[in-house]
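What the sequence shown shows, in UniProt numbering, is residues 1 to 466, in sequence order. Only one structure is covered here, and it is reproduced in the block below.
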Amino acid sequence: RFSLLLLNLEEYYFEQHTANHIINKDCKDERKFRGSLKICSKSLIFEPDDNIQPIIKILLRDCISIKAPEDNEANNPFTRNTSGGISVVCSQVFLIKERNVIAPYKTVRGRTEHLFQLDVAGKVGDVVQTLHQLYRASCLDKMGDQAAMITAILQSRLARTSFDKNRFQSISETLHMECKAEMVTPLVTNPGHVCVTDANLYFQPLNGYPKLVVQITLQNVRRIYKRRHGLMPLGLEVFCTENDLCSDIYLKFYNYQDRDEVYFLIATYIENHIAEHTAESYMLQWQRGHISNYQYLLHLNNLADRSCNDLSQYPVFPWIIADYSSSVLDLTKPETFRDLSKPVGALNKERLDRLVTRYQEMTEPKFMYGSHYSSPGYVLFYLVRVAPEYMLCLQNGKFDHADRMFNSIAETWKNCLDGATDFKELIPEFYENDSSFLVNSLKLDLGKRQGGKMVEDVELPPWASG
Numbered sequence: 001r002f003s004l005l006l007l008n009l010e011e012y013y014f015e016q017h018t019a020n021h022i023i024n025k026d027c028k029d030e031r032k033f034r035g036s037l038k039i040c041s042k043s044l045i046f047e048p049d050d051n052i053q054p055i056i057k058i059l060l061r062d063c064i065s066i067k068a069p070e071d072n073e074a075n076n077p078f079t080r081n082t083s084g085g086i087s088v089v090c091s092q093v094f095l096i097k098e099r100n101v102i103a104p105y106k107t108v109r110g111r112t113e114h115l116f117q118l119d120v121a122g123k124v125g126d127v128v129q130t131l132h133q134l135y136r137a138s139c140l141d142k143m144g145d146q147a148a149m150i151t152a153i154l155q156s157r158l159a160r161t162s163f164d165k166n167r168f169q170s171i172s173e174t175l176h177m178e179c180k181a182e183m184v185t186p187l188v189t190n191p192g193h194v195c196v197t198d199a200n201l202y203f204q205p206l207n208g209y210p211k212l213v214v215q216i217t218l219q220n221v222r223r224i225y226k227r228r229h230g231l232m233p234l235g236l237e238v239f240c241t242e243n244d245l246c247s248d249i250y251l252k253f254y255n256y257q258d259r260d261e262v263y264f265l266i267a268t269y270i271e272n273h274i275a276e277h278t279a280e281s282y283m284l285q286w287q288r289g290h291i292s293n294y295q296y297l298l299h300l301n302n303l304a305d306r307s308c309n310d311l312s313q314y315p316v317f318p319w320i321i322a323d324y325s326s327s328v329l330d331l332t333k334p335e336t337f338r339d340l341s342k343p344v345g346a347l348n349k350e351r352l353d354r355l356v357t358r359y360q361e362m363t364e365p366k367f368m369y370g371s372h373y374s375s376p377g378y379v380l381f382y383l384v385r386v387a388p389e390y391m392l393c394l395q396n397g398k399f400d401h402a403d404r405m406f407n408s409i410a411e412t413w414k415n416c417l418d419g420a421t422d423f424k425e426l427i428p429e430f431y432e433n434d435s436s437f438l439v440n441s442l443k444l445d446l447g448k449r450q451g452g453k454m455v456e457d458v459e460l461p462p463w464a465s466g
């Protein structure tokens, strides 16, 4: 049940320890739950083995004390043995996935003590020391100071470790380079070590999650792109397929020299095996009908640094249909289609005139549109029914207000056409064969709208009734 999406944004997962979570120690109603204690850069997370029990998340900034029980207490015959225990007293905790149901996080406020009894008692001292260090970082006033201290802790951990060469697929592999990097997935990154050999690209996560090693066979690589990540030229994305939306791995390096060297090694291998694809070659394939409109737009998005692993640069697909009220869609009428020569913000002349007037009356710095055509929030607005945990991660454990959710395609188009602050385009999923993102198949409780109607499946236009 644990995933990196349970972490706060820009948080790292460092290590885990098998442990018992003891509540109400020394009381008649003492409860003990077996599970795994996750040490993260801004929080403690306990994942019980019993799926009925909620995952416990304690923010380090909410901790009042973190300590190992005193020796005299551990040796006291009148108290229960807490050898290997770590006592955490906090002002609030978050309960997640209770009864294994994806739902907004529950917040339990009030002073509580939690005892985590590690299976390996000898690790208690190191864990407490790590938690104290991370707690000090969480208490720094400036976010920049917090980030700098956590980065220093992370880099220290990476410097003390290296790629395990026993993970190579063959003892005959030749190592070309090794460096530090982070694997990028939507909203989260996972630090570790990258290795490039004459046959494979490897990534070994520092925390061993979600698996000990990710391996990409160079012979299977079909495309490779340099990426901007966080507006810096540090990203690299590798595809083992020709026309798929999602890549096999997205890496973010700590300097552009490492990124460029890995790119060179893989690109050199690819050049010896497959032809290079450019924007011109994709356009020629599209003009000749060798690839579809969908595939062509995907390739253009890729060449524009857009990736499904980065929600801030998610692939953008345009609104095409402009009629969402007719019972039959007449494809012979020009007004059925959106004017693709204009951005969404210019489709409605009255709204555009208002925006221009506002722009002219503004003081510097001036801007035309108050929001973008794509953002992480807009992507998850469309995908909340199939990716609810991403929305909870982005919005600190909450879903958006029911009336602001993706309830109807017609309503969404109208808002994009008339709204003062809504200029969003669509995402590739609207043009795929899989329509599951429109259906609340997970039976999520997404709230109740003002009219009393629950948020369920997305309402389709009348012409889609068949």
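Heads up, the beta-carbon is just placed ideally off N, CA and C, and yes, glycines get one too. In this text the structure is predicted, and so the values were computed from the model without any measurement.
Collapsing the DSSP output to three states places S326 in coil. Between the alpha carbons of E10 and D339 lies a distance of about 39 Å. By the neighbour-count criterion, in which a residue is buried when 16 or more other Cβ atoms sit within 10 angstroms of its Cβ, D258 is buried. If you draw a 10 Å sphere on the C-beta of Q129, you find fewer than 16 other C-beta atoms in it, and that means exposed. Taking the CA atoms as reference points, R167 sits about 10 Å from V214.
With respect to the C-alpha of N415, the residue from L347, R223 and C63 having the closest C-alpha is L347. Residues of the same chain with a CB within less than 7 Å of the CB of K123, apart from the 5 flanking positions on each side, are H17 in chain order. If you draw a 10 Å sphere on the C-beta of E237, you find 16 or more other C-beta atoms in it, and that means buried.
For G377, no beta strand (DSSP E) segment is defined; the enclosing uninterrupted segment is the alpha helix (DSSP H) at P376 to L383. Membership of C90 in the beta strand (DSSP E) is indicated by the continuous run G85 to I96. F33 and F264 have their C-alpha atoms some 50 Å from each other. A contact is defined here as three or more CB-CB pairs under 8 Å, and the stretch 54-70 fails this definition with respect to the stretch 353-367. Distance from the CA atom of P376 to the CA atom of L311, rounded to whole angstroms, is 5 Å. Between E15 and N207, the CB-CB gap stays under 8 Å. Across the structure, M405 and F381 are spaced so that their CA atoms are roughly 6 Å apart. Contact check for P191 against E182 passes: the beta carbons are separated by less than 8 Å.
Per the Cβ contact rule, the stretch 291-309 is in contact with the stretch 236-256 (3 or more Cβ pairs under 8 Å). In this chain, the alpha helix (DSSP H) harbouring A410 covers I409 to D418.
DSSP, reduced to helix, strand and coil, places A159 within a helical segment of the structure shown.
The three-state reading of DSSP puts C393 in helix, counting H, G and I together. Less than 8 Å separates the beta-carbon of S371 from that of D422. Just measuring C-alpha positions, the residue of N309, E98 and S43 sitting nearest D50 is E98. C-alpha of I427 to C-alpha of P388: approximately 17 Å in a straight line. Residue nearest to H277 within the set Q287, I224, Y254 and H176 is I224 (criterion: CA-CA distance). With respect to R385, F430 sits apart: the two C-beta atoms are not nearer than 8 Å. Across the structure, L383 and G397 are spaced so that their CA atoms are roughly 16 Å apart. In the DSSP assignment, no residue is bridged to P365.
Taking the C-beta atoms as reference points, V184 is found no nearer than 8 Å to N8. In the DSSP assignment, the residues bridged to N190 are M183. Counting along the chain, the unbroken alpha helix (DSSP H) around A279 starts and ends at A279 to Q287.
For Q360, the secondary structure class from DSSP, reduced to helix, strand or coil, is helix. In the displayed model, A148 falls within a helix according to three-state DSSP. Rounded to the nearest angstrom, the gap between the Cα atoms of I409 and V188 is 29 Å.
Q450 sits in coil when the DSSP states are folded into three classes, being neither helix nor strand.
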